[in-house]
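J.:
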């Protein structure tokens with residue numbers, strides 16, 4: 003048996019130290035200078051400062067014979083610094099040190115106590131304990147991260163995701179629920195839908211308006227996005243209405259499409275972190291390819307319009323990119339990068355995206371139709387696409403620091 007294995011069991015005497023008060027330079031140094039005189043081992047540390055008020059907690063293991071001396075020295079130190087001290091000594095089984103196994107991120111433009119209370123209540127109902135809560139962003143959204151240890155096997159991940167998603171919708175909160183651990187931190191591929199996700203428009207609607215069939219195409223588009231029509235059939239009907247349109251319209255539409263707020267920040271930050279970014283679209287490569295190249299998208303796939311004599315024929319050429327094709331694209335992109343589907347994130351807004359949202363490690367419904375939000379494990383209903391970074395555990399401070407460094 004290795005030394006590490008041998009040390010995993012047995013009892014240890016521990017001390018939980020809590021210091022609070024007005025923060026000042028040197029507080030942390032004073033605490034650990036006091037502790038360094040004793041044969042203690044630091045097991046855990048947590049510190050937070052909110053509006054100049056400090057809360058510093060430290061968990062130590064120690065010789066029980068030194069407990070009184072440690073407490074006396076800490077009282078002397080904190081009195082000098084005008085800080086409050088609470089300390090608790092107890093025996094603890096080393097095997098009782100549970101590791102958080104669930105990670106929850108809640109986003110909101112106006113996070114209210116009722117929403118936090120509802121999340122905490124649901125966690126408790128599943129036998130969970132909240133080990134840590136921290137803010138990861140305050141503008142333009144408030145992002146709160148919960149680290150949770152499920153102390154029982156009551157409910158699986160999908161059940162908890164679904165129940166918390168219902169709470170989130172009722173409280174105007176965006177939420178993501180994932181297993182903790184390396185898989186969550188190691189996501190390497192982010193695959194986005196194009197229309198109404200990476201960009202703010204539906205490309206086919208823009209083309210249709212210029213061809214004077216906007217109303218007819220929009221009606222079909224809405225039904226398809228709500229899942230009321232088969233995508234392949236609806237796309238065929240919409241593209242058929244474009245028969246005879248000049249290719250000059252495509253150039254005009256290229257100039258009109260606009261990125262969703264936060265899109266450039268999202269892609270730039272993901273690339274700096276070493277992630278691969280892909281786009282898979284039921285829209286048309288003829289319009290979106292220049293923008294994808296400008297953004298340095300690593301891989302993309304989309305439908306292509308058939309053109310004859312500088313006019314649209316009303317058909318597409320090549321393989322159809324529909325719901326199943328999007329899911330297959332995610333599988334292929336993951337395989338090409340040598341990563342598992344658990345290391346992927348998919349983002350989309352329509353019924354056509356559900357296939358890839360379901361198989362990704364994290365599937366995010368972005369400003370999606372109700373049926374899509376209900377089916378996806380996570381959702382974002384803010385206008386900012388870079389909110390995805392918060393769900394990945396990346397803080398606003400880290401994003402801004404990376405921007406300043408480049």
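In the working numbering, the protein residues as written are 3 to 408. Using N, Cα and C, we set each Cβ at its ideal position, and we do this for glycine too.
1) Count the other C-beta atoms from every protein chain shown that fall within 10 angstroms of the C-beta of residue 255, then say buried if there are 16 or more, exposed otherwise.
2) Hey, which unbroken runs of the beta strand (DSSP E) at 3 residues or more fall wholly within the segment 163 to 236?
3) Considering Cα atoms alone, identify which of 252, 405 and 391 is closest to residue 307.
4) Measuring CB to CB, does residue 329 end up less than 9 Å from residue 360?
5) Only counting the same chain, and skipping five residues up and downstream in sequence, which positions put a Cβ closer than 6 Å to that of residue 19?
6) Return the bridge partner residues of residue 134 from the DSSP annotation.
7) Between residue 173 and residue 116, which are expected to be in contact by the criterion C-beta below 8 Å, what is the C-beta distance as a whole number of angstroms?
8) Assign residue 4 to one of two classes, buried (16 or more other C-beta atoms within 10 Å of its C-beta) or exposed (fewer than that).
9) Can the beta-carbon of residue 231 be found less than 9 Å from the beta-carbon of residue 316?
10) Inspect the CB distances between the segment 127 to 141 and the segment 395 to 403 and report whether three or more fall short of 8 Å.
11) What span of residues does the alpha helix (DSSP H) with residue 40 cover, start to end?
12) Cα separation between residue 337 and residue 289?
13) According to DSSP, what are the bridge partners of residue 14?
14) To the nearest angstrom, how far is the alpha carbon of residue 62 from that of residue 28?
15) So if DSSP puts residue 303 in a beta bridge, which residue, or which two residues, is it bridged to?
16) Whose C-alpha, out of 67, 247 and 82, is nearest the C-alpha of residue 26?
17) Using a Cβ-Cβ cut-off of 8 Å (strictly less than) and excluding sequence neighbours within five positions of residue 305, which residues of its own chain qualify?
18) Need the endpoints of the alpha helix (DSSP H) that residue 440 sits in, please.
19) DSSP on residue 112, reduced to helix/strand/coil?
20) Mind checking if residue 404 is an interface residue toward chain C, Cβ cutoff 9 Å exclusive?
21) Three or more C-beta pairs closer than 8 Å, one from the segment 369 to 388 and one from the segment 260 to 279: is that the case here?
22) Going by alpha carbons, who is nearest to residue 182 out of 227, 133 and 167?
T.: In this structure, then:
1) Buried: at least 16 other Cβ atoms inside 10 Å.
2) Complete beta strand (DSSP E) runs here, min 3: 176 to 181 and 191 to 194.
3) Taking only the C-alpha atoms, the option nearest residue 307 is 252.
4) Cβ atoms of residue 329 and residue 360: closer than 9 Å.
5) Once the five neighbours on either side are set aside, the close Cβ partners of residue 19 are 60 and 89.
6) Here residue 134 is bridged, per DSSP, to 149.
7) That pair is a contact at about 6 Å.
8) Model confidence at residue 4 stands at a pLDDT of 37, short of 50, so the residue's coordinates are unreliable; what they give is reported in the following sentence. Exposed: under 16 other Cβ atoms inside 10 Å.
9) Cβ distance not < 9 Å, so residue 231 and residue 316 don't count as in contact.
10) Taking one beta carbon from each stretch, the segment 127 to 141 and the segment 395 to 403 have 3 or more pairs nearer than 8 Å; the two touch.
11) Neither: residue 40 is in no alpha helix (DSSP H) and is coded neither H nor E.
12) Cα to Cα, the separation comes out at about 28 Å.
13) Per DSSP, 94.
14) CA-to-CA, the gap between residue 62 and residue 28 works out to about 20 Å.
15) Answer is 282, bridged to residue 303.
16) Nearest neighbour of residue 26 by Cα position, chosen from 67, 247 and 82, turns out to be 82.
17) 237, 283, 284, 285, 286, 287, 318, 320, 322 and 323.
18) Not covered by the structure: residue 440. The range shown for the chain is 3 to 408.
19) Of the three classes helix, strand and coil, the one that applies to residue 112 here is coil, per DSSP.
20) The displayed structure is made up of one protein chain only, and chain C is not part of it.
21) Result yes; three or more Cβ-Cβ pairs closer than 8 Å.
22) For the residues 227, 133 and 167, the minimum Cα distance to residue 182 belongs to 133.
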